[in-house]
Each structure stands twice: as C-alpha cells, then as structure tokens.
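Asks: For the sequence shown, the numbering used here assigns the number 755 to the initial residue and increments by one for each residue that follows.
Don't be surprised by glycine CBs; every beta carbon is placed ideally from N, CA and C.
Here's a structure for you.
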Amino acid sequence: MKPQDYIALENEYGAHNYKPLDVVLNRGEGVWVWDVDGNRYMDCLSAYSAVNQGHCHPRILEAMREQAGKLTLTSRAFRNDQLGPFYNELCALTNSHKVLPMNSGAEAVETAIKAVRKWGYLEKGVPEDKAEIIVCRDNFHGRTISIISFSTDPTSTSGFGPFTPGFKVVPFGDADAFEAAITENTVALLVEPIQGEAGVIIPPGGYLRRVREICDERGIQLILDEIQTGLGRTGKLLAEEHEGIEADITLIGKALSGGFYPVSAVLSNTEVLGVLRPGEHGSTFGGNPLACAVARTALKVLVEEKLVENAEKMGERFMAGLRSMENPLIREVRGRGLLIGVEFKPEAGGARQYCLKLKDAGLLCKETHDNIIRFAPPLVITPEQVDWALERIVPILSK
Ligand SMILES: *Cc1c(COP(=O)(O)O)cnc(C)c1O
C-alpha cells in the first residue's frame, strides 16, 4: 500500500479527532522514525514526551518481551510479583510514600481528584459534596468529562456539557490569585509546573515555591501534573525540582513506560492516598505485571543512561541554536531542558506551515495552538543529532 492508501483508510473509517501531518510511520529507533516509503525523520515531539527513552529502547523491549511470556494481567483481585518492587523503586526514585497505578494520564488526574475530595471530607471536615479544587487557566490535564469541565479551551469543551462542578479557575503563574480564590472548602490546587499543551508556558520564578507555602499555610494539597514535564523532560527528574519544592501529590504517565504501553501513577507524599479503602477505586489494567515490568525498566533506563542530565545539556545546546535566529516574526524561544517552544507573532501566519517545511527537511514537529512549535525530542539525543536538527531548523525558521 502507498502512503495515500493508509491515509485514505484512516480518513474513511476513523473519527477525525486529530489532524495529523500526512506521514505514515512504521518503524522507530532512538530519535529516528521511518515512514512506509523508507524516509527517515527525527522525532521532535516524542509522542508528547511519552518516548523520552527513545523509540523501541532495546532494554525496555526486552523487559516487555520477557514479562509478556510469563504473566501479563491478573487484575488487582490477586497480587503479582512486579507490583511491590515497582512501588518500592518508584517511591525511592521520587521520594514518595505511596503509589496508585493507573493506565492513562487522564485516569491519574481523575484518581487524584477523587482522592483529594475524599481527603477533604474525611480529614479536613469539608461538608459533603462541597469540596473545591483550584486549577489554572489554559491548563491541560486530559480529555475525560470531569477534566474538560475545568478546561478553558473552547475546542476542548464546546458541545460536551453538562460538566462536573467543584472546580475554580485562576490565572497560571499568579500565586496571589490562587490565594484569593481559596475558601474553607478548597481541598487542592491542581497545576502543571510548566504548561506543555498551552505552548511551553513557564511560570514566573518563585511561583511554585509560593503556592507550596500557601498550600502549607491553608491546609491544601498541592497536586502537580508532571505527566508531560516529569521523568527527565525538563532536565530534572521532576520539574518541581527547579524550584526545590515537593508536591503532596505528583502525577506521572507518558514516559513512565518509555512509550511501550500506557502506564500512569499517582504518587503521594502525605497520607492522601491512605483515605481510599478497598472497592472505592480501581482499574482492571492498572498495576498489571506487564505494565510494572515495563515501567521498572523504563525508570532504570532514565537513571542508568543519565537521560535527565542529558536533557539538561542537550536542551541548552538546542536552545542556544534556536536563540541565534534573528527572525523578527519570532516572538520568543523558551524552554527548560528538552521541552522547548518557539512562539511566532500572529503576523507570521501560523506555525503549521513551518512544521510542513520541517517535515520535508526530515524533522517531525507539531504546532501547539496556532503560533507555537514545541521541540521535544527523545532525551537520548546526542550533540551531533542536536546539531543535525539545528542545521535544518534554523534556515527554515529564519525566514
Ligand atoms: C498528556 C497529558 C495528560 C493526559 O494524559 P493521557 O495519557 O493522554 O490521558 C494529562 N496532563 C498532562 C500535563 C499531559 O501532558
């Protein structure tokens, strides 16, 4: 079949809830992917940071193969020999006390919402059904009904109501606005350390430290959604480390499996997860032995191959190259580690045209909103590969 044939099948039979670039991929290795005609591209999106360890990492592949031949799913009705070690290793790595494993990122967010509400009723004395969670404008936390209920992006919400109550929206990066929105029924602040989908929006320095203080003063759980920023992407294992703080609840997903399999987790520093009793929450696939074995190896790869440190170094090199551009149509180049955004001014006419040119030059990038390109290659990228990318990106984005 030709590329057009695959595209025609997708268009004919699939729901059109994405607008992908017309490149049909069938192979990946490290930072590279190949299309069905054998053309090679550098992946500069990493499946929204799910393949931080690079495509088809051989060690994770081996762990997956081995576990798949032994035991894949027991449900949590029974125990398995991967779950305990997975919890233990994950808690040691992230300095957490408890883990609740799920599958998708959205499920981890939903789980945290349920846990902090219950905590609010049992521990904080919030009257039944009155718990409030504060979130930030331009957030992205997933696609379920409850999560889009507090999205401020009309494309995500319009036509999907009625929505779940109990959320209040404040501006991102504004600790005073957060403080002003608190009531006695506030149980948590849910926030991304850097807003990825909104276009790599980095809050003002000190913001996370200040909200941490406010949460402590007012008895509020700080939930950081690190599903995109976590596991090395920003040059730290968790982005919270940039401000030297610790969340009460940290949500991870995406790269937790190195892109092999959906694995997410709610990590908790306090006893919030302790409020959940048997039967109150669960998932058939959450915590299955295949997921645990894959995630254990994906975490080992991050640590042993020093991908967090590499993200910091390669991010600096990448950003320095991008900052050398002198195109008056570029408003800003910003980022942390290998989570980098290039924002164009509206008069540039949108970022997608650049993504199409980059594709022809052998780089797969995706615009976020109309005017921003996110560069987030796998963290295994080498200096030579960064330079290879810059040699192609700089001329294209400079005009
Ligand atoms: C991707 C993402 C999610 C949702 O994860 P899914 O696995 O797509 O459900 C939630 N929060 C953030 C910050 C994300 O980037």
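Hey, how far is the Cα of residue 926 from the Cα of residue 760?
Replies: Along the sequence shown, one-based indexing puts residue 926 at 172. Along the sequence shown, one-based indexing puts residue 760 at 6. Going from the Cα of residue 926 to the Cα of residue 760 covers about 41 Å.
Asks: What does the Cβ neighbour count give for residue 990, buried or exposed, with the cut at 16 atoms within 10 Å?
Replies: Locating residue 990 in the sequence shown gives position 236, counting from the first residue. Burial call: buried.
Asks: Among residues of its own chain, excluding the 5 on either side of residue 918, which ones have a beta-carbon nearer than 7 Å to its beta-carbon?
Replies: Locating residue 918 in the sequence shown gives position 164, counting from the first residue. Only 899, 900 and 903 meet the Cβ criterion.
Asks: Along the beta strand (DSSP E) that carries residue 988, what are the first and last residues, could you check?
Replies: Within the sequence shown, the letter at position 234 stands for residue 988. Note, residue 988: premise wrong, no beta strand (DSSP E); not H, not E.
Asks: Hey, which unbroken runs of the beta strand (DSSP E) at 3 residues or more fall wholly within the stretch 1098 to 1144?
Replies: Those beta strand (DSSP E) runs which fall completely within the stretch 1098 to 1144 and span 3+ residues are 1120 to 1122 and 1126 to 1129.
Asks: Is any non-hydrogen atom of ligand 1 found closer than 7 Å to the C-beta of residue 868, if you look at the structure I gave you?
Replies: What you label residue 868 is simply residue 114 of the sequence shown in a count that begins at 1. No, since every heavy atom of ligand 1 falls outside the 7 Å radius drawn around the Cβ of residue 868.
Asks: Do residue 932 and residue 968 have their C-beta atoms closer together than 8 Å?
Replies: As a working note, residue 932 is residue 178 in the sequence shown. As a working note, residue 968 is residue 214 in the sequence shown. Their beta carbons are under 8 Å apart, which means residue 932 touches residue 968 by this criterion.
Asks: Is it buried or exposed, residue 856, if we count other Cβ atoms within 10 angstroms and call 16 or more buried?
Replies: Along the sequence shown, one-based indexing puts residue 856 at 102. The residue in question, residue 856, is buried, as its Cβ has 16 or more Cβ neighbours within 10 Å.
Asks: Cβ of residue 894 within 7 Å of any heavy atom in ligand 3?
Replies: By its list of ligands, the structure shown excludes ligand 3, since it contains just ligand 1.
Asks: By DSSP, does residue 995 sit in helix, in strand, or in coil?
Replies: As a working note, residue 995 is residue 241 in the sequence shown. Here residue 995 sits in helix by DSSP.
Asks: Check whether the stretch 1090 to 1107 touches the stretch 1119 to 1127, counting contact only when three or more Cβ pairs, one atom from each stretch, lie closer than 8 Å.
Replies: A contact exists between the stretch 1090 to 1107 and the stretch 1119 to 1127.
Asks: Roughly how many angstroms separate the alpha carbons of residue 1150 and residue 953, rounded to a whole number?
Replies: Position 396 of the sequence shown holds residue 1150. Position 199 of the sequence shown holds residue 953. Straight-line Cα distance between these residues: approximately 20 Å.
Asks: Since residue 1003 and residue 1021 should fall inside the 8 Å C-beta cutoff, what is the C-beta to C-beta distance between them, to a whole number of angstroms?
Replies: Within the sequence shown, the letter at position 249 stands for residue 1003. Within the sequence shown, the letter at position 267 stands for residue 1021. Going by Cβ atoms, the distance from residue 1003 to residue 1021 rounds to 7 Å, so yes, they are a contact pair.
Asks: Decide if residue 763 is buried, meaning its Cβ has at least 16 other Cβ atoms within 10 Å, or exposed.
Replies: The residue you call residue 763 lines up with position 9 of the sequence shown. Flag for residue 763 reads exposed.
Asks: Buried or exposed: where does residue 983 fall if 16 or more other Cβ atoms within 10 Å of its Cβ makes it buried?
Replies: Along the sequence shown, one-based indexing puts residue 983 at 229. Its Cβ being crowded by 16 or more others within 10 Å, residue 983 is buried.
Asks: Excluding sequence positions up to five away, which residues of its chain have a Cβ less than 7 Å from the Cβ of residue 1071?
Replies: Counting from 1 along the sequence shown, the entry for residue 1071 is found at position 317. Counting only Cβ-Cβ distances below 7 Å, and skipping sequence neighbours, we find 1137 and 1140.
Asks: Helix or strand or just coil, what does DSSP make of residue 1149?
Replies: Reading the sequence shown from its first residue, position 395 is the one you call residue 1149. In this structure, residue 1149 counts as helix in the three-state DSSP scheme.
Asks: For residue 950, verify whether its CB is less than 7 Å away from any heavy atom of ligand 1.
Replies: Taking the sequence shown and counting its residues from 1, the one referred to as residue 950 is at position 196. Result yes, Cβ under 7 Å from ligand 1.
Asks: What did DSSP end up calling residue 1086 once you bin it into helix, strand or coil?
Replies: Residue mapping note: residue 1086 aligns to position 332 of the sequence shown, counting from 1. In this structure, residue 1086 counts as strand in the three-state DSSP scheme.
Asks: Report the residue from 1059, 980 and 779 whose alpha carbon sits nearest the alpha carbon of residue 813.
Replies: Translated into the one-based positions of the sequence shown, residue 813 becomes position 59. Minimum Cα distance to residue 813 is reached at 1059.
Asks: By Cβ distance below 7 Å, which residues in the same chain neighbour residue 1116 in space, the five residues on each side in sequence not counted?
Replies: As a position in the sequence shown, residue 1116 is number 362, starting the count at 1. Closer than 7 Å at the Cβ level, and outside the excluded window around residue 1116, lie 794, 795, 796 and 1146.
Asks: Do the CB positions of residue 1121 and residue 1109 come within less than 8 Å of each other?
Replies: As a working note, residue 1121 is residue 367 in the sequence shown. As a working note, residue 1109 is residue 355 in the sequence shown. Yes; because the gap between Cβ atoms is below 8 Å, this pair is in contact.
Asks: What does a CB cutoff of less than 7 Å around residue 1035 pick up in its chain, not counting 5 residues either side in sequence?
Replies: For the purposes of this step, residue 1035 is taken as residue 281 along the sequence shown, with counting starting at 1. Cβ neighbours of residue 1035 beyond the five flanking positions: 865 and 868.
Asks: Less than 8 Å between the C-beta atoms of residue 939 and residue 885, yes or no?
Replies: Stepping through the sequence shown from its first residue, residue 939 is reached at position 185. Stepping through the sequence shown from its first residue, residue 885 is reached at position 131. In this structure, residue 885 lies closer than 8 Å to residue 939 by Cβ.
Asks: Just reading off the alpha helix (DSSP H) that residue 765 is part of, what are its end residues?
Replies: The sequence position of residue 765 within the sequence shown is 11, counting from 1. That run of the alpha helix (DSSP H) goes 757 to 767.
Asks: Which one of 913, 1012, 995 and 964 has the shortest CA to CA distance from residue 810?
Replies: Taking the first residue of the sequence shown as position 1, residue 810 is located at position 56. For the residues 913, 1012, 995 and 964, the minimum Cα distance to residue 810 belongs to 1012.
Asks: Let me know if residue 767 comes out buried or exposed under the rule of 16 or more other beta-carbons within 10 Å of its beta-carbon.
Replies: Indexing the sequence shown from 1 puts residue 767 at position 13. Classification for residue 767: exposed.
Asks: Which value, in whole angstroms, describes the spacing of the CA atoms of residue 1049 and residue 1017?
Replies: The sequence position of residue 1049 within the sequence shown is 295, counting from 1. The sequence position of residue 1017 within the sequence shown is 263, counting from 1. Roughly 7 Å separates the two Cα atoms.
Asks: Write down every uninterrupted run of the alpha helix (DSSP H) in the stretch 851 to 904 whose length is 4 residues or greater and which is fully enclosed by it, in chain order.
Replies: Fully enclosed alpha helix (DSSP H) runs of 4 or longer: 859 to 873 and 899 to 902.
Asks: Quickly, what does DSSP pair residue 1095 with across the bridge? List them, please.
Replies: For the purposes of this step, residue 1095 is identified with residue 341 of the sequence shown, where counting begins at 1. BP columns for residue 1095 point to 1088 and 1128.
Asks: Just to confirm my understanding: we take residue 1075, look at its own chain, exclude 5 residues before and 5 after, and list those with CB closer than 6 Å. What are they?
Replies: As a working note, residue 1075 is residue 321 in the sequence shown. These residues qualify, in order along the chain: 1144.
Asks: Rounded to the nearest angstrom, what separates residue 876 and residue 1032 at their Cα positions?
Replies: Here residue 876 is taken as the residue at index 122 of the sequence shown, counted from 1. Here residue 1032 is taken as the residue at index 278 of the sequence shown, counted from 1. Cα to Cα, the separation comes out at about 16 Å.
Asks: Can you give me the Cβ contacts of residue 802 inside the same chain, cut-off strictly under 7 Å, excluding the 5 residues immediately before and after it?
Replies: As a first step, residue 802 must be located in the sequence shown, where it is residue number 48. 982 and 1008.
Asks: Please tell me whether, using a cut-off of 7 Å, the distance from the CB of residue 1037 to the nearest non-hydrogen atom of ligand 1 is below it.
Replies: The residue you call residue 1037 lines up with position 283 of the sequence shown. No, the Cβ of residue 1037 stays beyond 7 Å of every heavy atom of ligand 1.
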